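Undergrad: Before I ask anything, let me first share the structure, which is written out below as structure tokens.
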Amino acid sequence: MTKRDIIKMVLDGKRPPYVPWSFGFTKEAYEKLAQHYGKVDLEDELQNHILTVSDTYGFFTDIGNDCFRDVFGVVWDRSVDKDIGNVRGQVLPEPTLQGYQFPDPHDPMFFSDVPGLLAAYGDRFRVFNVGFSLYERAWTMRGMVDLLVDFHDHPDFVHELLNTIADYNIAMIQEAVKYDIDAIYFGDDWGQQHGLIMGYRTWKAFIYPVLKRMYGAAHDAGKYVFIHSCGDVDELFEDLIGIGLNCFNPFQPEVMDVYRLVPQYRGRLAFHGGMSTQRTLPYGSVDDVRRETQRLIELGSAGGYIYAPAHAVEGDVPLENMLAFIDLLQRQPAFIR
């Protein structure tokens with residue numbers, strides 16, 4: 013049984029032979045692991061079960077002074093955050109798309125690495141990642157504060173912006189599914205530490221109908237749907253299940269009751285994440301990490317769960333804590349390296 017088969021079992025509501033995992037690391041954390049293992053490519057050491065074959069937000073041009081421009085023209089300042097950065101300026105300074113040209117969703121650069129990755133890691137569950145897929149794409153272009161005001165002052169513009177972003181994403185999905193992939197992974201943070209950034213009524217009126225279109229495009233092609241949204245968003249689960257969501261990430265334990273939600277939704281929605289990156293990993297002991305990892309393994313043994321830290325592991329996490337959860341997962345009796 014391949015790693016791909018194991019993930020499909022979880023998504024289909026079946027009990028897997030062991031709890032699968034897939035996790036990522038920020039630049040600083042990854043460098044710690046690379047130094048420990050004495051190699052740059054850590055795929056053989058990590059044994060992740062999910063393969064991301066494209067990061068569509070990750071095409072940046074270095075424009076100097078620690079700044080990078082993405083394909084939408086957004087400038088990201090990486091002087092502090094070295095992984096993605098912080099948005100500088102606005103590509104849409106006014107609430108209009110007039111004069112703005114979207115990038116080409118069929119650009120070969122988005123798909124150039126796909127065949128090689130599929131050939132190299134054929135045993136893994138394959139996802140095509142549409143990063144900053146809707147609300148996040150909109151606010152990076154317009155500015156977060158201005159976009160939140162636009163929901164109220166310029167609703168027609170927001171509907172046009174979100175639907176144009178969705179048109180772009182759907183065109184990209186239609187190209188991506190020509191390859192042997194399993195799922196479309198949408199990234200779109202809606203949550204705060206308590207509740208939604210824009211509130212439920214605004215989310216339901218503006219974002220939900222557009223998600224339904226995008227999720228439908230994935231399901232029409234026979235693919236699973238994943239969503240990444242940070243924050244306290246469990247109030248949306250019934251809505252998301254209703255339009256075809258199969259797996260939710262990152263499942264932050266600081267804002268959601270992980271041990272209540274997994275059994276509550278098992279068979280209807282799978283979860284990917286759940287290990288604390290705000291408390292346990294950076295501040296806990298090795299024993300704390302092992303204890304919480306073992307508890308999550310026991311939770312996921314009945315299905316519906318893919319282990320991961322609740323976000324990419326940050327550079328403030330001690331190496332010993334990273335090695336603790338990696339080791340414990342790979343020691344599961346049914347896992348064969």
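Each position in the sequence shown, counted from 1, maps to that position plus 12 in my numbering. For every residue, glycine included, the Cβ atom is placed at its ideal position computed from N, Cα and C. Since the structure is predicted, the reported quantities are computational estimates derived from the model, not experimental observations.
#1: Quick one: what does DSSP say L63 is sitting in, helix, strand or coil?
#2: Using a Cβ-Cβ cutoff of less than 6 Å, which residues in the same chain neighbour A188 once the five nearest sequence positions on both sides are dropped?
#3: Hey, could you find the ends of the beta strand (DSSP E) Y317 is sitting in?
#4: If you measure between the beta carbons of A324 and V301, is that distance less than 8 Å?
#5: Confirm the yes/no value for this check: CB of V99, any heavy atom of the ligand PLP, distance under 7 Å.
#6: Spell out whether any CB of chain C is found under 8 Å from the CB atom of N141.
#7: Confirm, please, whether the CB-CB distance from S288 to E266 is below 8 Å.
#8: Using the beta-carbon count (16 or more within 10 Å), is L331 buried or exposed?
#9: Please report how far the alpha carbon of R272 lies from the alpha carbon of F263, in whole angstroms.
#10: Determine the contact status of M318 and Q344, defining contact as a CB-CB distance below 8 Å.
#11: On a Cα-Cα basis, can you pick out the residue from I177, G316, D192 that is closest to A233?
#12: Is F163 closer than 8 Å to T214 when the C-beta atoms are compared?
#13: What is the residue span of the beta strand (DSSP E) that T38 lies within?
#14: Under the rule that 16 or more other beta-carbon atoms within 10 Å means buried, what is Y295, buried or exposed?
#15: Tell me whether the beta-carbon of A346 lies closer than 8 Å to the beta-carbon of P32.
#16: For the beta strand (DSSP E) that F260 lies in, which residues bound it at each end?
#17: Just to confirm, are V83 and V103 a CB contact at a threshold of 8 Å?
#18: In three-state DSSP terms, what is L311?
#19: What residue range is occupied by the uninterrupted alpha helix (DSSP H) comprising T292?
#20: Within 8 Å, do at least three Cβ pairs link the region 132-148 to the region 191-209?
#21: Express the C-alpha separation of Y236 and P37 in angstroms, rounding to a whole number.
#22: Just the Cα atoms here: how many angstroms apart are G76 and G211?
#23: Does the separation of the CB atoms of G315 and R27 fall below 8 Å?
#24: Report the rounded CA-to-CA distance for R149 versus R303, giving the unit in angstroms.
#25: Here's the rule I'm using: 16 or more other beta-carbon atoms within 10 Å means buried, otherwise exposed. How should I177 be labelled?
#26: At a cut of 8 Å, does the region 108-119 reach the region 167-187 through at least three beta carbon pairs?
#27: Give me, in chain order, the residues of the same chain whose beta-carbon lies closer than 8 Å to that of V52; leave out the 5 immediate sequence neighbours on both sides.
#28: By DSSP, does V104 sit in helix, in strand, or in coil?
#29: What span of residues does the alpha helix (DSSP H) with W151 cover, start to end?
#30: To the nearest angstrom, report how far apart A282 and F122 are at their CA atoms.
#31: Check for me: the alpha helix (DSSP H) holding Y227 runs from which residue to which?
#32: In whole angstroms, give me the CA-to-CA distance for L130 and D17.
#33: Hey, H171 and F218 are a contact pair by Cβ (cut 8 Å); roughly how many whole angstroms apart?
#34: Please state if the CB of W88 and the CB of Y147 are separated by a distance shorter than 8 Å.
#35: Going by Cα to Cα distance, which pick from F72, P105, Q110, D251 is closest to K94?
TA: Taking the definition as stated:
#1: Reading the sequence shown from its first residue, position 51 is the one you call residue 63. In this structure, L63 counts as strand in the three-state DSSP scheme.
#2: Your numbering for residue 188 matches position 176 in the sequence shown. F140.
#3: On the sequence shown, residue 317 is found 305 positions in, with the first residue counted as 1. Segment 317-321, the beta strand (DSSP E) holding Y317.
#4: For this step, residue 324 is matched to residue 312 along the sequence shown. For this step, residue 301 is matched to residue 289 along the sequence shown. In this structure, V301 does not lie closer than 8 Å to A324 by Cβ.
#5: Looking at this structure, you won't find the ligand PLP or any other ligand, since it has none at all.
#6: The displayed structure is made up of one protein chain only, and chain C is not part of it.
#7: Counted from its first residue, the sequence shown places residue 266 at position 254. Counted from its first residue, the sequence shown places residue 288 at position 276. Contact: yes.
#8: For the purposes of this step, residue 331 is taken as residue 319 along the sequence shown, with counting starting at 1. Burial call: exposed.
#9: Residue 272 sits at position 260 when you count from the first residue of the sequence shown. Residue 263 sits at position 251 when you count from the first residue of the sequence shown. Approximately 12 Å between the Cα atoms of the pair.
#10: For this step, residue 318 is matched to residue 306 along the sequence shown. For this step, residue 344 is matched to residue 332 along the sequence shown. Per the sequence presented here, residue 318 reads as Ile, with Met not at that position. No; because the gap between Cβ atoms is not below 8 Å, this pair is not in contact.
#11: Here residue 233 refers to the residue found at position 221 of the sequence shown. Answer by Cα proximity: D192.
#12: The residue labelled residue 214 in the question sits at position 202 within the sequence shown. The residue labelled residue 163 in the question sits at position 151 within the sequence shown. Yes. Within cutoff.
#13: As a working mapping, residue 38 is identified with position 26 in the sequence shown. T38 -> no beta strand (DSSP E), and no H or E assigned at all.
#14: As a position in the sequence shown, residue 295 is number 283, starting the count at 1. Answer is exposed; the Cβ neighbour count stays below 16.
#15: The residue given as residue 346 occupies position 334 in the sequence shown. The residue given as residue 32 occupies position 20 in the sequence shown. Taking 8 Å as the Cβ cut-off, A346 and P32 do not qualify as a contacting pair.
#16: Position 248 of the sequence shown, counting from 1, holds the residue named residue 260. Where F260 is concerned, the enclosing beta strand (DSSP E) stretches over 259-261.
#17: The sequence position of residue 83 within the sequence shown is 71, counting from 1. The sequence position of residue 103 within the sequence shown is 91, counting from 1. No; because the gap between Cβ atoms is not below 8 Å, this pair is not in contact.
#18: Reading the sequence shown from its first residue, position 299 is the one you call residue 311. Helix.
#19: Reading the sequence shown from its first residue, position 280 is the one you call residue 292. It spans 292-295 - the alpha helix (DSSP H) in which T292 sits, taken as one unbroken run.
#20: yes
#21: The sequence position of residue 37 within the sequence shown is 25, counting from 1. The sequence position of residue 236 within the sequence shown is 224, counting from 1. Reading the sequence as shown, one finds Phe at residue 37 and not Pro. Distance between the alpha carbons of F37 and Y236: 24 Å.
#22: Taking the sequence shown and counting its residues from 1, one reaches residue 76 at position 64. Taking the sequence shown and counting its residues from 1, one reaches residue 211 at position 199. Answer to the nearest angstrom: the Cα atoms are 37 Å apart.
#23: For this step, residue 315 is matched to residue 303 along the sequence shown. For this step, residue 27 is matched to residue 15 along the sequence shown. Result yes, Cβ atoms of G315 and R27 sit closer than 8 Å.
#24: Position 137 of the sequence shown holds residue 149. Position 291 of the sequence shown holds residue 303. Distance between the alpha carbons of R149 and R303: 38 Å.
#25: The residue given as residue 177 occupies position 165 in the sequence shown. When all chains shown are included, I177 counts as buried.
#26: yes
#27: Position 40 of the sequence shown, counted from the start, is the residue given in the question as residue 52. Around V52: A46.
#28: Along the sequence shown, read from residue 1 onward, the residue named residue 104 stands at position 92. It is Leu, not Val, that sits at residue 104 in the sequence shown. L104: coil per DSSP, three-state reduction.
#29: Taking the first residue of the sequence shown as 1, we reach residue 151 at position 139. Unbroken alpha helix (DSSP H) run through W151: 147-154.
#30: What you label residue 282 is simply residue 270 of the sequence shown in a count that begins at 1. What you label residue 122 is simply residue 110 of the sequence shown in a count that begins at 1. In a straight line, the C-alpha of A282 is about 28 Å away from that of F122.
#31: Here residue 227 refers to the residue found at position 215 when the sequence shown is read from its first residue. Taken as a continuous stretch (DSSP letters only), the alpha helix (DSSP H) holding Y227 covers 220-232.
#32: Against the sequence shown, residue 130 aligns to sequence position 118. Against the sequence shown, residue 17 aligns to sequence position 5. Their backbone Cα atoms lie some 15 Å apart in a straight line.
#33: By 1-based counting over the sequence shown, the position of residue 171 is 159. By 1-based counting over the sequence shown, the position of residue 218 is 206. Confirmed, about 7 Å.
#34: Your numbering for residue 147 matches position 135 in the sequence shown. Your numbering for residue 88 matches position 76 in the sequence shown. No, the Cβ-Cβ distance between Y147 and W88 is not below 8 Å.
#35: Taking the sequence shown and counting its residues from 1, the one referred to as residue 94 is at position 82. K94 has its Cα closest to that of F72, out of F72, P105, Q110, D251.
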